[in-house]
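Following: one structure in structure tokens, then a few remarks.
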Amino acid sequence: MADKPQRGTLFGIPYNFERPSAGRLLSSYWQPGKGMLVEKPFGIGYTLNLASWRSWVVLLVAGGLLWNERQKAEEKEEAAEADDGPVEVIVD
1 MADKPQRGTL FGIPYNFERP SAGRLLSSYW QPGKGMLVEK PFGIGYTLNL ASWRSWVVLL
61 VAGGLLWNER QKAEEKEEAA EADDGPVEVI VD
């Protein structure tokens, strides 16, 4: 039986299923000479290069959107709790 390749590309998307090491994990997320996206150290696709300032902008925007969404959910819960009071119904 032939051995399956552990790394390569499929339709232009990189994959890597070699056993990850700590050094390879750290070096793949910090590559100053590369662009914003770099190959993942394990799995399929790309990940953010933390040496690029653009990656930090993406993380800040995503964090801000997540925070905003959670704040709105909390406001909706508080409004729903405030509306639980008695209701007067008048029938003519």
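Position 90 of the sequence shown, counted from 1, bears residue number 90 in UniProt numbering, the numbering being contiguous throughout.
Think of the CB as a built atom: it goes at the ideal place given N, C-alpha and C, for glycine as much as any other residue.
Asked, Found
"Same chain only: Cβ atoms within 6 Å of R54, ignoring 5 sequence neighbours per side", "M36"
"Top-ranked residue by Cα proximity to T47, from E88, S28 and K72", "S28"
"Other residues of its chain near R7: CB distance less than 8 Å, five sequence neighbours each side excluded", "P14, Y15, N16, F17 and E18"
"Whole-angstrom distance between L65 and residue 95, CA atom to CA atom", "The chain is shown only over 1 to 92; residue 95 falls outside these bounds and no answer can be derived."
"Beta carbon of R24 nearer than 9 Å to that of P5", "no"
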